[in-house]
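Numbering (the numbering used here), first residue to last: 411 to 935. Everything on this sheet refers to the single structure shown next.
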């Protein structure tokens, strides 16, 4: 590898590092903190604890961002919907954390996204006035969070011509104009988790995927290496359960009420050019919208639902046809040419780990849409700290609160959290990112490491080619994920480090090329 293709110091995750650090973690020594779960909150907790100087091991039964954290809307919300339900603390916390991500910790992964709410015949003037008041209140949240106007522009009203310019696919008949608003938008949620895990690793945390916690106690966990079947024990002074919708499986007394959020995946040609995303009001609802979010890879996401899930929690949630039909119906209410079922090339569903505080399995709020998105940190009678609820935007605050609880409960020597000002791997000021000699798409995924990824493609012309025709991910990105981002198999590569797998047909076509690259990377693993 050339000198230009070097990752951030200490931040490389690989199969070799995993094997070495798993042996260290199970050799009988006592670590300060064990974190179970490597979604955004768990990886954030590992980083928070490691950044305070604590000795950390973090494990996941599957991969980084295997669960809820890869199924989000890819948005960093400012908390607008929580104002409508008078959850002012949650709204303010969301706005603050959005600003932290956009301006300090991950400006390479989070940028401003414009959205248009089309004022069609389905939106009364009263509803339009209410939405406009909400967008103005959202801008006040931005101000209260001290996020710069240059980071998030002001909302404004649009004429019909301006509305059609930003969303040409809209039906022109009855269009009175639109409302333009802005929010934070992630390049990719799974890439955020990867950056968190690698930043934690650079602070000497042992980040171990394919390690299942079989049993948790306040002094550690019995674990199994899912690659070999070997079992062992990790001893820890403090244990944080950040396993999301599976939190109740590891600690008694935690009741999670999962909410399913479904998204459709379309090819961009089915909707046409979209300089802005869309907020489409859901009929009969005052504060819920279907989002249409164009991606940089030729796809468009349309979501999302908010439906309770009953029964066992699956590893990968199914997408029911009722969700697909609902989203297509709402989308069709504003488009000039409707999107049909055959145009849906993929779909995914995530489960929000909402805390059920009703006292009964299905009491309290009648809909998961009505359950608070506040997070909670719970300490079991024997001292295991669990963090549940919340949402992707506030992962950092959730992680900080969980580590604070663990430090206090177990008397660990650690100072306050520094993560609100700690840049993630790849982060840099916008001016520095703009000056990098690498394709813009790579800069938005890898930040200051983009030239190193680009350099791999320069070493071998085959690595500059797309893994699958029509999708921008190259062989160089796959190789980088194997060497530096902890990917262990095809699913890690196709479904999380890249998002090729969101379209099953693309996944099948890419599989052979990815396997060949894995063979080439094996000596360096």
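Every residue, glycine too, gets a C-beta built ideally from N, C-alpha and C.
Please classify residue 654: is it buried, with 16 or more other beta-carbons within 10 angstroms of its beta-carbon, or exposed?
As a working mapping, residue 654 is identified with position 244 in the chain shown. By the 10 Å Cβ count, residue 654 comes out buried.
Does DSSP put residue 659 in a helix, a strand or coil?
As a working note, residue 659 is residue 249 in the chain shown. Per DSSP, reduced to three states, the secondary structure at residue 659 is helical.
Bridge partners of residue 528, per DSSP?
In the chain shown, counting from the first residue as 1, residue 528 sits at position 118. Residue pairing for residue 528: DSSP places it in a beta bridge opposite 588.
Given residue 429, which residues of its chain have a CB within under 7 Å of its CB, disregarding the five upstream and five downstream residues?
For the purposes of this step, residue 429 is taken as the residue at position 19 of the chain shown. No residues qualify anywhere along the chain.
May I have the straight-line CA-CA distance separating residue 579 from residue 791, to the nearest angstrom?
The residue given as residue 579 occupies position 169 in the chain shown. The residue given as residue 791 occupies position 381 in the chain shown. It is roughly 56 Å from the alpha-carbon of residue 579 to the alpha-carbon of residue 791.
Cutting at 7 Å between CB atoms, please list the residues of its own chain near residue 825, excluding the five before and the five after it.
Counted from its first residue, the chain shown places residue 825 at position 415. 462.
Using the DSSP secondary-structure output, state which residues sit across from residue 955 in a beta bridge.
This structure cannot settle anything about residue 955, because the visible part of the chain is limited to 411 through 935.
Quick check on the DSSP output: the beta strand (DSSP E) that includes residue 789 runs from which residue to which?
Here residue 789 is taken as the residue at index 379 of the chain shown, counted from 1. Run containing residue 789: 785-789, per the beta strand (DSSP E) assignment.
Whose C-beta lies closer than 7 Å to the C-beta of residue 860 among residues of the same chain, with five residues either side of it excluded?
Counted from its first residue, the chain shown places residue 860 at position 450. Hits under 7 Å: 846, 848, 852, 853.
According to DSSP, what are the bridge partners of residue 884?
For the purposes of this step, residue 884 is taken as the residue at position 474 of the chain shown. The partner list for residue 884 (beta bridge, DSSP) reads 876.
Can you tell me which of 744, 640, 645 puts its alpha carbon nearest to the alpha carbon of residue 631?
As a first step, residue 631 must be located in the chain shown, where it is residue number 221. Of 744, 640, 645, the residue nearest in Cα terms is 645.
Whose C-alpha, out of 446, 442, 454, 431, is nearest the C-alpha of residue 801?
For the purposes of this step, residue 801 is taken as the residue at position 391 of the chain shown. The option with the nearest alpha carbon to residue 801 is 454.
Whose CA, out of 913, 838, 811, lies closest to the CA of residue 518?
Counting from 1 along the chain shown, the entry for residue 518 is found at position 108. Residue 518 has its Cα closest to that of 838, out of 913, 838, 811.
Answer yes if the region 608-615 comes into contact with the region 555-574, meaning at least three C-beta pairs across the two stretches below 8 Å, and no otherwise.
The region 555-574, when compared against the region 608-615, does not touch it at the 8 Å Cβ threshold.
Please determine if the region 499-507 and the region 714-732 are in contact, where contact requires at least 3 C-beta pairs separated by less than 8 Å.
The region 499-507, when compared against the region 714-732, does not touch it at the 8 Å Cβ threshold.
Where DSSP assigns a beta bridge to residue 711, which residues make up the other side?
To locate residue 711, count along the chain shown from 1; it is residue 301. Within the DSSP bridge table, the entry for residue 711 names 675, 703 as partners.
Could you check the C-alpha separation between residue 526 and residue 589 for me, to the nearest Å?
The residue you call residue 526 lines up with position 116 of the chain shown. The residue you call residue 589 lines up with position 179 of the chain shown. Between the alpha carbons of residue 526 and residue 589 lies a gap of roughly 6 Å.
Have a look at residue 713 and residue 486 and give me their C-alpha separation to the nearest angstrom.
In the chain shown, the residue the question calls residue 713 occupies position 303. In the chain shown, the residue the question calls residue 486 occupies position 76. Annotation: residue 713 to residue 486 spans about 15 Å, alpha carbon to alpha carbon.
For residue 707, which residues from the same chain have a beta carbon less than 8 Å from its beta carbon, with the 5 sequence-adjacent residues on both sides left out?
Indexing the chain shown from 1 puts residue 707 at position 297. By the criterion of a C-beta distance shorter than 8 Å, residue 707 is surrounded in its chain by 881, 882, 883, 909, once the five residues flanking it on both sides are discounted.
Classify residue 512 as buried or exposed, calling it buried when 16 or more other Cβ atoms lie within 10 Å of its own Cβ.
Walking along the chain shown from the start, residue 512 turns up at place 102. Taking every protein chain shown into account, the CB of residue 512 has 16 or more other CB atoms within 10 angstroms, so this residue is buried.
Opposite residue 631 in the DSSP bridges: which residues?
Looking up residue 631 in the chain shown gives position 221. According to DSSP, which records beta bridges pairwise, residue 631 is partnered with 626, 644.
If we call anything under 9 Å between Cβ atoms a contact, is residue 812 one with residue 650?
For the purposes of this step, residue 812 is taken as the residue at position 402 of the chain shown. For the purposes of this step, residue 650 is taken as the residue at position 240 of the chain shown. For residue 812 and residue 650, yes; Cβs fall inside 9 Å.
Those runs of the beta strand (DSSP E) which lie wholly inside the region 439-495 and span at least 3 residues:
The qualifying runs are 440-446, 466-469.
Identify whether residue 593 lies in helix, strand or coil by the three-state DSSP scheme.
For the purposes of this step, residue 593 is taken as residue 183 along the chain shown, with counting starting at 1. Strand at residue 593.
Whole angstroms are fine: how far does the CA of residue 502 sit from the CA of residue 820?
Position 410 of the chain shown, counted from the start, is the residue given in the question as residue 820. Position 92 of the chain shown, counted from the start, is the residue given in the question as residue 502. Linking residue 820 to residue 502 through their CA atoms gives a straight-line distance of about 30 Å.
Could you give the distance in angstroms between the alpha-carbon of residue 424 and the alpha-carbon of residue 595?
Stepping through the chain shown from its first residue, residue 424 is reached at position 14. Stepping through the chain shown from its first residue, residue 595 is reached at position 185. Within the model, the alpha-carbon separation for residue 424 versus residue 595 is close to 29 Å.
Measuring alpha carbon to alpha carbon, tell me which of 444, 422, 457 ends up nearest residue 830.
Counted from its first residue, the chain shown places residue 830 at position 420. Ranked by Cα distance from residue 830, the first of 444, 422, 457 is 457.
What's the call for residue 490, buried or exposed, on a 16-neighbour Cβ count within 10 Å?
Here residue 490 is taken as the residue at index 80 of the chain shown, counted from 1. By the 10 Å Cβ count, residue 490 comes out buried.
Can you look up residue 414 in the DSSP assignment and give me helix, strand or coil?
Stepping through the chain shown from its first residue, residue 414 is reached at position 4. Unreliable placement is indicated for residue 414, whose pLDDT of 44 sits below 50; the coordinate value is still reported in the next sentence. Residue 414 falls in the coil class under three-state DSSP.
Would DSSP call residue 924 helix, strand or coil?
As a first step, residue 924 is located in the chain shown; it is residue number 514 there, counting from the start. Residue 924 falls in the helix class under three-state DSSP.
Completely contained alpha helix (DSSP H) runs for the region 830-878, where each covers 4 or more residues
Entirely contained in the region 830-878, the alpha helix (DSSP H) runs reaching 4 residues are, in chain order, 840-844, 850-856, 860-869.
State the Cα-Cα distance for the pair residue 921 and residue 742, rounded to the nearest angstrom.
As a working note, residue 921 is residue 511 in the chain shown. As a working note, residue 742 is residue 332 in the chain shown. Straight-line Cα distance between these residues: approximately 34 Å.
Roughly how many angstroms separate the alpha carbons of residue 669 and residue 889, rounded to a whole number?
Numbered from 1 along the chain shown, position 259 holds the residue referred to as residue 669. Numbered from 1 along the chain shown, position 479 holds the residue referred to as residue 889. A direct Cα-to-Cα measurement between residue 669 and residue 889 gives close to 35 Å.
Tell me whether the region 471-487 and the region 539-547 touch, counting them as touching only if at least three CB pairs, one residue from each stretch, are closer than 8 Å.
Too few Cβ pairs lie closer than 8 Å, so no.
Among 459, 426, 437, 446, which residue has its Cα nearest to the Cα of residue 814?
In the chain shown, counting from the first residue as 1, residue 814 sits at position 404. Distances from the CA of residue 814 to each of 459, 426, 437, 446 were compared; the closest alpha carbon is that of 459.
Beta-carbon spacing of residue 757, residue 684 below 9 Å:
Along the chain shown, read from residue 1 onward, the residue named residue 757 stands at position 347. Along the chain shown, read from residue 1 onward, the residue named residue 684 stands at position 274. For residue 757 and residue 684, no; Cβs fall outside 9 Å.
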